[in-house]
Structures are given as C-alpha cells and as structure tokens.
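4 protein chains.
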Amino acid sequence: MTAPTTPQRWSFLGPAGTFTEMALRQVAPPDVELDSCQDVPTALDRVRERQSDAAVVPIENSIEGGVNATLDNLVSGAPLTIAAEVAVPITFVLAGREGTRLEDVRAISTHPHAWAQCRGWVHRNLPDAVYVAGTSTSAPAKALAGSEDPGSLGYEAVLCNPLAAEQYGLAVIAGGVADNAGAITRFVKVTRPGRIGEPTGADKTTLQVQLPHDRSGALLGMLEQFSARGVNLSRIESRPVGDSLGRYRFSIDIEGHVREERVQAALIGLHRTCPQVRFLGSYPRLDARPVVVPAGTSDKDFIVARAWVKDVLDGRTL
Amino acid sequence: MTAPTTPQRWSFLGPAGTFTEMALRQVAPPDVELDSCQDVPTALDRVRERQSDAAVVPIENSIEGGVNATLDNLVSGAPLTIAAEVAVPITFVLAGREGTRLEDVRAISTHPHAWAQCRGWVHRNLPDAVYVAGTSTSAPAKALAGSEDPGSLGYEAVLCNPLAAEQYGLAVIAGGVADNAGAITRFVKVTRPGRIGEPTGADKTTLQVQLPHDRSGALLGMLEQFSARGVNLSRIESRPVGDSLGRYRFSIDIEGHVREERVQAALIGLHRTCPQVRFLGSYPRLDARPVVVPAGTSDKDFIVARAWVKDVLDGRTL
Amino acid sequence: MTAPTTPQRWSFLGPAGTFTEMALRQVAPPDVELDSCQDVPTALDRVRERQSDAAVVPIENSIEGGVNATLDNLVSGAPLTIAAEVAVPITFVLAGREGTRLEDVRAISTHPHAWAQCRGWVHRNLPDAVYVAGTSTSAPAKALAGSEDPGSLGYEAVLCNPLAAEQYGLAVIAGGVADNAGAITRFVKVTRPGRIGEPTGADKTTLQVQLPHDRSGALLGMLEQFSARGVNLSRIESRPVGDSLGRYRFSIDIEGHVREERVQAALIGLHRTCPQVRFLGSYPRLDARPVVVPAGTSDKDFIVARAWVKDVLDGRTL
Amino acid sequence: MTAPTTPQRWSFLGPAGTFTEMALRQVAPPDVELDSCQDVPTALDRVRERQSDAAVVPIENSIEGGVNATLDNLVSGAPLTIAAEVAVPITFVLAGREGTRLEDVRAISTHPHAWAQCRGWVHRNLPDAVYVAGTSTSAPAKALAGSEDPGSLGYEAVLCNPLAAEQYGLAVIAGGVADNAGAITRFVKVTRPGRIGEPTGADKTTLQVQLPHDRSGALLGMLEQFSARGVNLSRIESRPVGDSLGRYRFSIDIEGHVREERVQAALIGLHRTCPQVRFLGSYPRLDARPVVVPAGTSDKDFIVARAWVKDVLDGRTL
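Chains as they are written, first to last, in the UniProt record's numbering: chain R, 1 to 318; chain W, 1 to 318; chain U, 1 to 318; chain B, 1 to 318.
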C-alpha cells in the first residue's frame with residue numbers, strides 16, 4: 001500500500017479565469033491546488049519560498065512581445081528554472097452584466113495589454129468609449145459581476161476571455177473583438193532548480209545574457225558564440241540592465257538542450273566573455289519539432305574531436 | 001514689418017503634469033500650444049493628420065525598456081521622423097489630498113510602469129496597499145484632486161511626479177519613492193518627414209529593421225551590415241512582427257547621420273538584405289558626444305575609394 | 001580597302017615548346033609574332049615597355065600552387081591587367097637523343113617544378129638518377145637536342161612536355177611520367193590597362209590585397225568585406241610582403257566583374273580598410289560557369305537601395 | 001659512472017655550407033652527427049625511418065614565402081612534429097675561383113630562390129650574365145671549387161652564402177649582393193611525434209587545415225573558429241590540395257600552445273568542421289615574446305566556465 005501523496009500547489013496570475021489559468025490547466029495535474037496571485041513577481045516568489053511547487057506565468061505575446069515582469073523577475077531573484085512551455089490563443093469578448101447592450105457601453109475596463117489588442121475594434125464600434133485600466137483581464141470582469149453598486153465602478157463592460165465571462169456569469173455583448181485573430185501568448189511553468197533531465201531531441205534552452213559594457217560589437221561577438229557551434233536562436237529580447245540608458249541584457253531561447261555538447265560549448269563561450277549569464281532551463285519545445293543539428297556539431301563530433309586532441313597531447317598524432 | 005507667425009501646436013501624452021509634458025517643455029518653443037492626448041497613438045496621429053506640428057512621446061525607459069506603443073506605432077502608420085531626443089529623470093512622490101497620512105493609505109493608483117518602478121518601496125512601507133491601475137502617472141492625481149466624492153475612487157493616494165502633485169494641488173506624503181534613484185526616460189520629438197538636414201558630428205539615426213524569415217543567422221548577418229562599415233549600435237530592441245511567435249523586427253539606434261557615407265552604405269546593405277527597413281530619423285545626440293569614426297570609414301575614405309573604382313573602370317589602374 | 005594591320009607580338013616564357021607556349025596558342029591570334037623570354041619578369045616587362053602587346057605567363061599549378069614570380073611581379077611593377085585565362089593539362093615525357101634507353105639514363109634535367117611533379121616516377125624507375133636543374137621544361141630539351149658534345153651536358157635525358165620533344169627532335173623514352181595524372185597549370189594573358197569591358201555573367205576578378213599590419217583579425221575583416229556583399233572567393237594565395245616575416249598580402253580571385261555593383265562595393269570596402277589594394281583585371285572564367293548572385297546582391301538590388309537612401313535624404317520616407 | 005650516450009644524428013638540406021646547416025648549428029648539440037641530404041623530402045624521411053633523430057628544413061622565407069617542399073611533405077607522409085624554430089639572415093656573396101674578376105663572369109649558378117633574390121644586383125652589375133640553375137646554394141660552389149675542368153661547368157661564379165665560400169675555398173668577388181638586405185629564412189627542427197611538453201607562455205602551434213569543399217565562406221568559417229576563442233594567427237599559407245584547381249588547404253601558425261585551453265577549444269572546433277586537420281607541433285616562439293591572452297580566454301576562464309556548466313546540469317544554478 002503506497003502512502004497518499006499530497007496534491008501539488010501551483011501559483012498563477014489570477015484571479016480565476018485569466019489566460020494564465022487556461023495555460024496552467026494544460027500542464028498541471030488534475031488534482032492541482034490553485035494558488036491565485038495578484039502579479040507575476042508574487043507568483044514566482046511563492047515557488048522560491050517553497051509555498052508552491054510551480055508557477056505558470058506569461059513570457060511572450062505574439063503582438064505585445066516579451067512580458068517584462070516575467071523576464072526581469074527571472075534574473076533578479078533567487079534562481080528558478082523553466083520546466084515546460086505552453087501556448088494559449090488569445091481571444092477576447094466584450095462582456096457586461098445581463099441586459100447590457102452595445103449602445104449602453106460608455107467605458108470599458110481590462111488589462112492594458114488586452115486594451116492594446118482590441119483598440120481597433122473599439123475604435124470602429126465604440127468610438128467614444130473611455131478606457132479604465134485594470135490589473136488583469138479577469139479582475140474587472142470579477143468586479144463587474146460581483147459589484148453591488150455597478151454604477152460606481154465607472155465602466156459598463158469589460159474585455160476578457162470567454163472563460164472568465166462564463167465563470168463570473170457575465171453576458172457576451174460581442175465576440176471576436178481582438179484586432180489580430182491569430183494572437184498567441186506563450187506561458188512557462190517555472191520550478192525550483194534541480195538536476196537537469198535528459199534531452200528529447202526537440203528541446204529549447206532559455207538564457208539571460210548581459211553584454212560587456214562599452215565594447216563595440218559586443219552583441220555581434222555574443223551571437224558568434226552561438227553560430228561558431230551551430231546553435232540557432234529562436235527568440236531574442238533585449239531588456240535594459242537598469243542602471244543607465246544604453247546597457248542591455250538579452251533574454252534568449254536557443255534550439256537544443258544543455259545536455260548536448262554544442263549547447264554546453266556555447267554556454268562555456270558565453271560564460272567566458274559576458275559578465276553575467278543565467279541559465280533558465282532546458283525543456284521540450286511546444287511544437288515537438290526535432291532540432292536540426294548542423295554538420296559537425298553533434299555530440300559525437302565533439303567527443304571524437306576531444307579524443308583527437310587528447311591523442312595529440314599524448315603524441316599519437318594522426 | 002514681418003507677418004506674425006502662428007504659434008506651433010505640439011501633441012503629447014497628457015494630461016498636464018506627466019513626465020512627457022516635462023520633456024516637451026525642454027524642446028518646445030516658449031509660445032507652443034499644448035495638445036494633450038490620451039495615448040501615444042493619438043498623439044502621433046495628430047501629427048500625421050496635420051493637426052499638430054510635432055508630438056513628444058516616450059520611447060525608452062532605463063528600467064522598463066522600450067515603450068512598445070511608440071515603437072510599434074512608428075512603423076505601422078504613415079511615415080514620421082524623429083527630429084530630436086530629450087531625457088527626463090524619473091522621480092516619484094506618493095501624494096494625496098491635504099491631511100492624508102501614510103497610515104491612511106489602503107489603495108494607490110498610478111500608471112502600471114510607475115507602479116513597477118515603486119513596488120519595492122510600497123512593499124516595505126505599505127505592505128497591505130492595493131494597486132489600482134491608471135492610464136498615466138498624472139490622470140489619477142487629477143482625479144483624486146478634482147473628485148467631489150474621493151471615497152468612490154477606490155484609492156487614497158497616487159504615485160506621480162512632483163510637478164503633477166504641485167499642478168493639481170496634492171500634498172506629498174512621501175518623496176523619493178522610486179526603487180531605482182537613477183531612472184531616466186528618453187522622449188523623442190516626432191514630425192512629418194522632410195528633407196534631412198546636415199550632420200552635427202554628434203548624431204544618431206533610428207531605424208526599424210525586419211529580419212528575413214526562417215534564415216538561421218539572420219540577426220548576425222544584419223549586425224554585420226553595420227560592423228562592415230564601422231557603424232556602432234547604441235540601442236537595439238526586439239519587437240514581434242505580430243503575425244506569429246518567433247518573428248522579430250528590431251528597433252535600432254546607430255551612431256551617425258544618414259548624410260554620412262558609412263551610414264548610407266550600411267542602409268544600402270540593410271535594404272538589399274532585409275525585407276523591410278524603415279528610416280525614422282537622424283538627429284543630434286542628447287549627450288552631444290562626438291561620434292567616433294573608425295579608421296577607413298570617414299566620408300573622405302568612401303569618396304577616395306569610389307574615385308579609385310572609377311579609375312579602375314577607366315583603365316587608370318594604380 | 002582597309003589598311004593592313006600589323007600582326008600582334010606576344011611574349012611568353014620560352015624557349016619554344018614550353019607549356020606556356022601551348023597556353024599562348026590557345027588564345028593568341030593565328031598570325032601572332034612570338035617573343036620568347038627567359039623568365040616571367042622579362043615577359044611582363046616587355047608588355048610594360050610596349051615591346052609586346054600581351055604576355056602569357058603561368059599563375060597557378062594544381063600541384064605546386066601559385067607561381068611566385070608571376071604573383072609578385074604583377075604587384076611590384078607598373079600596372080598590368082589580366083585579360084583572359086587559359087588552362088593546360090600538364091603531361092611529361094622522359095625524352096633523350098635517338099637511341100637512348102632507360103637504363104642509359106644516369107642524370108635528368110628539367111625545371112624544378114617539373115622535377116617535383118615527376119619525382120615519384122623517377123624514384124621508382126630510375127632510383128639512382130641525379131637531378132640537374134634547368135631554367136624551363138624545354139631549355140634542357142633544346143640543349144640536349146642541339147648539343148655537339150652531349151656528354152659535356154651532364155645529363156642523358158630530360159623531362160619535358162610532348163610538344164617540346166617533338167619540336168626539338170628528341171625521342172620519347174617513357175610517357176605519362178607525371179606523378180599526378182590530372183595536373184593542370186593555369187596561365188593568364190596580361191596586357192596594359194585599358195577601359196574595362198562589359199561583364200559576360202561568368203567572370204572573375206583578380207586582386208592583390210595587403211592586410212593592415214599588427215591588427216588581430218585583419219584577415220577575417222578582409223574576408224567580411226566580401227561576404228557582406230555576397231561575393232565568393234575562388235582562389236586565395238598568401239605572399240610575404242617581403243620586408244619582414246609575418247606580414248602578408250593576398251592574391252585573390254573573386255567571382256564576378258568589376259562592372260557589377262556588389263564587386264564595386266567590396267572593392268570600396270577593401271580600399272577603405274586595407275593599406276594597399278591592386279586591381280588586376282576582370283575577365284571571363286575559363287569554365288564559363290555563370291556566377292551565382294546571392295539574393296540581395298544583384299545590380300538592381302543596389303540601384304533600388306541607393307534610390308531609397310536618396311528618397312530618405314529628400315524626405316520621401318516610405 | 002654514467003654510460004656514454006650515442007651522439008645524435010640530424011639530417012639537413014646539404015651539402016655542407018647551406019643556410020640550412022647554419023640554422024642547424026644554432027639548435028643542435030655540439031657533438032651532433034650531420035646527415036647531409038639532397039632534398040627536403042629525403043631529410044624528413046630519414047627521421048620517419050629512424051635513421052636520424054631530427055631534421056632541420058627551411059619552412060618560410062621573408063621574400064619567397066612558404067617553402068612548398070616542406071609544407072607539402074609535412075602533411076603527406078607519416079606524422080612528424082615541429083619541435084623548434086630558428087631564423088637565419090640570408091646574405092649572399094658572388095664567389096669564384098681565386099683570381100676571377102667581375103668582368104670575367106659570363107654565367108652564374110645558384111639555387112633558383114637565391115637567383116630570384118639577387119637578380120636586381122646582377123642586372124645592374126652584370127647585365128649580360130647568363131643563369132645556370134643549381135640544386136642548392138652551395139652545390140654549385142662545391143662543384144666550382146672542386147672541378148678539375150672548371151671550363152666545362154658552364155659558369156665562372158656562384159651566388160652562395162659567405163660560409164659556403166669559405167668552406168669550399170672560393171674567393172669573394174662581391175659581397176652584399178642580395179636585393180633585399182633584411183631577408184630572413186625561418187627553419188624548423190622536426191622530430192617524430194611524442195608526448196607534448198608544457199607551455200612556456202611564448203609558444204606557437206603549427207597546423208594544416210583542409211577546407212570543406214564547395215562551401216561558400218568556408219575560409220571565413222575556419223578563421224572564426226580561432227577568433228571565437230581569442231586565438232591569433234601569425235602565419236597563413238594556402239597550398240593546393242592537388243586534385244584540382246580551386247581546392248586549398250592552409251598551413252597556419254597560431255599564437256599559443258596545445259596544452260592551453262583556448263587552443264584546444266579551437267582545435268576541437270576545427271576538427272568538427274573541417275575534413276582534415278593535422279597538428280604539426282607546439283614549440284617556443286623564436287622571439288620569446290609572451291603570447292597575449294585576450295580577456296575571457298585564459299585557462300582559468302575555461303575551467304570556471306566548465307565548472308559552471310556542470311553546476312547547471314546538477315541543478316546548482318547561480
């Protein structure tokens with residue numbers, strides 16, 4: 001008879017009904033205990049402080065780009081590791097309390113990122129509508145649904161995802177209101193660091209690299225550390241270091257796993273030449289597309305080459 | 001007797017009292033007519049539609065990075081040109097209505113970027129305070145000061161710049177509340193395109209470059225177009241192209257002026273090899289530090305080299 | 001009635017019967033007046049001094065590499081231009097006076113390069129044979145055939161090409177004596193500089209480039225001037241500058257014609273960054289294989305890109 | 001009482017009195033047994049066949065460039081290792097039998113390389129002199145001195161080094177006849193491969209690298225394997241692979257020792273990406289100038305970086 005295991009607790013950007021919860025549902029165990037947090041740093045700190053087993057946070061949106069709060073927090077606090085990625089199509093509805101008609105809407109609330117992604121639709125259909133900023137896409141929905149005095153909120157409708165409208169019992173006034181129908185947000189599952197597992201052959205590795213200061217061509221030199229080992233970049237985001245204008249660190253995804261030789265060789269090159277490199281995880285690619293390993297950069301190529309150098313040192317020159 | 005000239009009208013991210021207005025004041029003529037706009041796209045469209053002569057908008061913050069609304073709008077609409085840059089130190093005060101004490105504050109409103117920059121201070125001094133998102137750093141200050149029913153706003157204090165507190169008649173509860181004392185935001189003055197003026201010797205040029213799709217090493221190749229002509233980058237920000245994950249365009253500042261030969265050579269190289277390049281202006285650097293022109297990349301070097309090629313073609317080989 | 005034209009006079013490395021004469025015959029007009037010279041510098045000086053219309057000299061051998069005398073003379077004297085190239089398969093026979101048998105041969109004379117290319121055969125078939133150096137592959141043949149006292153020459157056989165054996169009336173003792181059956185020597189037709197003609201689409205351009213002194217990465221930087229414009233190298237030979245060890249200039253063949261934009265752009269880049277560049281001609285490739293022009297480097301790409309930069313300068317930003 | 005040791009036997013390009021013997025004298029033990037060989041391949045084969053302990057052969061001349069016979073033999077036969085380098089200034093005298101005057105000289109014999117280096121002087125002082133090729137710089141001197149019938153040799157004077165004139169008892173007709181007063185030839189001591197010793201901090205490493213076939217940018221890619229590890233090249237010579245025109249291998253000297261991490265990393269990169277790499281030795285630089293190790297490429301930098309990657313794999317992320 002096995003001992004009963006405690007269900008896992010996972011943190012996420014709440015409240016219930018956000019796109020983040022939708023992402024979490026795709027990768028969490030069925031009996032997960034949800035820990036709704038008010039912002040990304042809080043969700044990540046719960047993991048650091050061992051109050052959660054994992055956190056799911058957004059990292060990149062196909063329209064808005066990198067999520068600064070996530071990118072910056074992952075390098076500034078105690079080390080965390082990305083263990084998985086998941087993508088969620090971003091769809092918005094305009095929702096209100098039962099009976100609200102389009103022509104009743106004078107003000108709309110949502111998260112600023114959501115507002116940016118629906119501005120065109122609003123401009124065309126509600127040209128006079130005023131924007132009221134919210135802390136997430138579902139918080140204004142929750143407030144609107146639960147308010148005993150909706151008139152005091154200052155808005156009659158919210159832009160949220162269909163799940164949130166349903167969960168909070170709001171009526172959909174209009175659907176498909178996002179300006180770009182194909183928008184996607186990519187989320188990551190974050191855990192405390194542990195021994196790195198084995199590659200699947202379709203992995204990515206996430207890094208944060210700070211460039212040497214005041215050296216012309218530093219970015220070029222950094223990219224050459226990858227290209228010299230045949231390692232391809234699938235994402236690069238620049239973030240300010242924060243102490244002055246003109247200094248950057250880069251958030252990078254590369255194709256491959258840190259247990260592969262060519263990735264290790266690139267990491268060694270980065271560590272030697274850049275003042276700060278942080279490893280943020282090797283994990284399976286969402287699309288499961290096998291990584292193309294260029295000629296001369298397979299594990300075997302590295303092993304054979306190292307053996308040859310050893311032969312050279314011992315006088316067994318060929 | 002000269003005809004009286006009409007005062008210029010400049011647009012900016014309002015309302016009055018924002019950091020953007022502080023930036024505008026540094027570069028606008030004294031008799032400028034201010035046009036306060038509710039967001040960056042609106043301010044830029046006023047210039048496009050000839051309702052304003054110029055707009056001043058934020059482009060980069062030393063803590064938060066590039067301002068997406070500005071970076072994205074400058075490439076998506078009708079062409080505009082950056083004509084000047086100006087920087088403003090970002091300082092925040094916690095302000096409230098006369099008589100408000102620190103212990104009275106249960107909720108705070110400000111723009112999300114401002115909130116991100118003061119979160120540490122709030123966490124230490126008002127650990128239980130709730131955040132209420134605002135559309136700018138001064139709008140909540142204006143609302144708090146002007147409200148006839150402050151209790152209905154849902155917050156007792158705002159984070160804003162000292163100018164806004166003074167303009168709206170709020171009392172400073174605490175000063176120096178930004179987590180990073182040296183934060184700076186850089187703003188740009190944007191106008192309709194016109195004939196490019198002469199270099200000052202201390203200029204920068206802003207570009208947006210979209211990388212070729214699905215070509216490994218495309219970013220490296222793009223950077224080599226600059227390095228092959230001795231052109232240094234002072235800023236690079238990646239932005240999603242927007243149609244899918246994994247495709248980027250880059251917002252770039254280079255050292256030099258488009259009337260300089262080496263900059264033109266780099267632009268020609270970019271135009272040949274990247275699917276889309278947008279020129280966004282050549283203008284004096286804020287710090288007036290002369291650009292270092294590497295050996296072999298001066299205008300004279302280019303002129304002499306071209307003359308030599310012409311001699312070669314005509315059989316005057318040396 | 002047209003005036004009779006004077007036949008051309010062409011110089012070559014003599015005497016009659018050398019591989020150089022064989023090369024010359026392939027490209028010279030039928031009524032050419034031959035000017036046999038004792039060494040390469042003399043042949044090239046005849047053209048410089050207007051005593052010949054052209055010279056044909058060897059430039060590269062598939063076994064021995066670049067021909068130093070040619071490579072060095074082309075950069076040190078008054079300018080000359082390569083107008084055409086031609087290749088000759090290098091075949092050797094062992095030849096002697098009528099009646100000479102293999103077992104009679106105790107010493108063999110030929111040019112040192114020819115000796116190097118037949119050493120294996122001689123080692124196997126005439127292991128005790130002594131080598132007597134000659135100034136060309138046909139001069140010893142001429143001497144052996146014409147001598148009234150062959151015993152005083154110190155050799156009984158020569159290594160020469162079949163044409164020379166025939167011309168001088170020597171008997172072939174053994175044929176196919178070259179160690180590498182596929183050896184080829186490439187020759188060039190050299191003239192005084194003149195206006196450069198039009199490209200054929202299958203051209204090469206020859207350059208001599210001296211690297212900047214004491215700059216780490218100078219060779220890499222030089223090669224990037226080509227790669228940044230999609231120009232491929234088909235030959236590179238290093239030659240000492242001559243004033244000390246460790247300084248080099250490079251003799252380079254690139255694919256393309258100096259009337260093509262991408263070649264001109266590369267030449268301008270070289271002229272700006274290298275202390276000395278000498279253009280040595282654009283001429284049709286021997287193999288007539290059309291040059292592959294990479295995407296973004298056609299003449300049209302350059303013309304469109306330059307027009308765009310002009311638009312930018314005039315305020316017609318797109 | 002120690003057992004008497006057998007004196008070493010060293011091979012060199014003879015006969016006695018060549019520059020090669022002068023080089024050998026600088027590095028050989030005093031009681032060395034000299035083994036004079038007729039050409040470079042023979043000298044190197046003596047070492048391979050254990051008939052000699054070492055060979056001294058010329059590898060590079062500051063005027064004529066690389067010595068093909070040496071460069072090519074070192075890659076085509078059984079492995080050998082360069083153990084030391086030595087340089088000899090190249091000076092020539094015009095020498096003849098006692099009583100020979102300048103005006104008596106109608107023909108001159110010497111090695112073709114020597115002739116090339118004195119041609120200007122001969123042209124000015126003996127414009128009608130005929131050249132008779134010799135197999136070394138001292139062989140014609142030996143022949144002239146020892147001949148019982150000097151008239152039958154076909155030359156009255158030789159160009160040789162002062163040592164040869166003295167050894168063979170010839171009189172100096174004119175000194176300082178080299179066109180370039182500062183000419184230097186570099187020689188190498190070659191032995192059978194053995195365990196590689198420790199670095200001195202002022203070492204060089206010699207390699208032969210064959211480029212991948214038909215890959216545009218292959219040379220650039222090869223050089224980047226060095227630059228990505230901060231390894232500087234001090235010599236590069238191209239040599240034909242020999243099977244057709246247009247294919248090259250490169251003889252390269254790099255600054256550093258194969259027991260240094262950055263050199264090993266570059267060698268591993270070469271072995272992975274180039275079809276053939278041959279290691280030809282790590283040995284002290286002639287000039288004893290310490291190698292400059294760029295920031296981030298010291299042994300310690302590599303060791304620390306590798307330890308960090310190991311920490312990453314074990315979950316000890318920092």
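Cβ coordinates follow ideal geometry from the N, Cα and C atoms, glycine included. Please read all numbers here as calculations on a predicted model, not as lab measurements.
Starting from residue i and walking both ways along the alpha helix (DSSP H), at which residues does that stretch end?
i: W:Asp-72; result: 68 to 76
i: U:Cys-160; result: Note, U:Cys-160: premise wrong, no alpha helix (DSSP H); beta strand (DSSP E) at 157 to 160.
i: R:Arg-119; result: 112 to 125
i: R:Ile-63; result: It is not in any alpha helix (DSSP H) - R:Ile-63 carries neither H nor E in the DSSP assignment.
i: B:Thr-273; result: 261 to 273
i: B:Val-40; result: 40 to 48
i: residue 321 of chain B; result: Past the boundaries of the shown model lies residue 321 of chain B; chain B is included only from 1 to 318, so the question cannot be answered.
i: U:Phe-302; result: 299 to 313
Taking residue i as the reference, give the member of the options with the closest Cα.
i: B:Thr-20; options: B:Ile-82, B:Glu-49 and B:Val-86; result: B:Val-86
i: B:Arg-9; options: B:Glu-49, B:Asp-39, B:Cys-160 and B:Thr-18; result: B:Glu-49
i: R:Lys-142; options: R:Val-292, R:Thr-18 and R:Ser-11; result: R:Thr-18
i: R:Ile-196; options: R:Gln-264, R:Thr-135 and R:Ser-238; result: R:Gln-264
i: R:Thr-135; options: W:Asn-125, W:Gln-117 and W:His-111; result: W:His-111
i: W:Arg-52; options: W:Arg-285, W:Leu-94 and W:Arg-192; result: What sits at residue 52 of chain W in the sequence shown is Ser, not Arg. Of the listed residues, the one whose Cα sits closest to W:Ser-52 is W:Arg-192.
i: B:Ile-173; options: B:Pro-140, B:Glu-148, B:Phe-250 and B:Leu-94; result: B:Leu-94
i: U:Leu-68; options: B:Leu-24, B:Glu-98, B:Gln-117 and B:Val-88; result: Reading the sequence as shown, one finds Asn at residue 68 of chain U and not Leu. If we check each option's Cα against that of U:Asn-68, B:Gln-117 comes out closest.
i: B:Leu-71; options: B:Ala-183, B:Leu-270, B:Lys-204 and B:Ser-238; result: B:Ser-238
i: U:Val-27; options: U:Gly-315, U:Trp-308, U:Arg-289 and U:Pro-284; result: U:Pro-284
i: R:Arg-306; options: B:Gly-246, B:Ala-288 and B:Leu-270; result: B:Leu-270
i: B:Glu-166; options: B:Ala-181, B:Gly-182 and B:Leu-144; result: B:Leu-144
Could you tell me which chain R residues have their CB closer than 9 Å to the CB of residue i, listed as they occur along the chain?
i: B:Arg-313; result: As written in the sequence, residue 313 of chain B is Leu, which differs from the Arg given in the question. Those are Arg-195, Ile-196, Val-258, Arg-259 and Gln-264, listed as they occur along chain R.
If we call anything under 8 Å between Cβ atoms a contact, is residue i one with residue j?
i: W:Phe-226; j: W:Glu-261; result: no
i: R:Val-177; j: R:Leu-159; result: yes
i: U:Asn-73; j: U:Leu-102; result: no
i: B:Ile-252; j: B:Val-209; result: yes
i: U:Ile-59; j: U:Gly-281; result: no
i: U:Gly-242; j: W:Thr-273; result: no
i: U:Leu-219; j: U:Leu-211; result: yes
i: U:Gly-96; j: U:Asp-179; result: no
i: B:Ser-138; j: B:Ala-16; result: yes
i: R:Thr-100; j: R:Ala-157; result: yes
i: B:Arg-289; j: U:Leu-245; result: no
Taking C-beta pairs closer than 9 Å, name the residues in chain U that residue i reaches, listed in chain order.
i: B:Asp-243; result: Ser-62, Asn-180 and Gly-182
i: B:Gly-17; result: Within 9 Å Cβ-Cβ: nothing; B:Gly-17 doesn't reach chain U, min ~18 Å.
Could you work out which residues of chain B lie near residue i, taking near to mean beta carbons separated by less than 7 Å?
i: U:Leu-126; result: Correct list: empty, because the minimum Cβ distance to chain B is about 14 Å.
i: R:His-271; result: Ala-305 and Trp-308
Anything in chain U within Cβ reach of residue i, meaning under 7 Å, just list it in chain order.
i: B:Gly-217; result: Ser-227
i: W:Thr-297; result: Arg-272
i: B:Asn-68; result: Glu-64 and Gly-65
Would you mind telling me which residues of chain R sit closer than 8 Å to residue i, beta carbon to beta carbon, in chain order?
i: W:Tyr-155; result: Those do not exist, as W:Tyr-155 stays about 12 Å from chain R at its closest Cβ, beyond 8 Å.
How far does the beta strand (DSSP E) with residue i in it reach, from first residue to last?
i: R:Pro-30; result: Unbroken run through R:Pro-30: none, as it is neither H nor E.
i: R:Ser-227; result: Note, R:Ser-227: premise wrong, no beta strand (DSSP E); alpha helix (DSSP H) at 218 to 227.
Strictly below 7 Å CB to CB, what residues from chain R border residue i?
i: W:Leu-235; result: For the record, residue 235 of chain W in the displayed sequence is Arg; it is not Leu. Correct list: Gly-246.
Check whether the stretch 94 to 110 of chain W and the stretch 125 to 135 of chain W touch, using three or more Cβ-Cβ pairs below 8 Å as the test. yes
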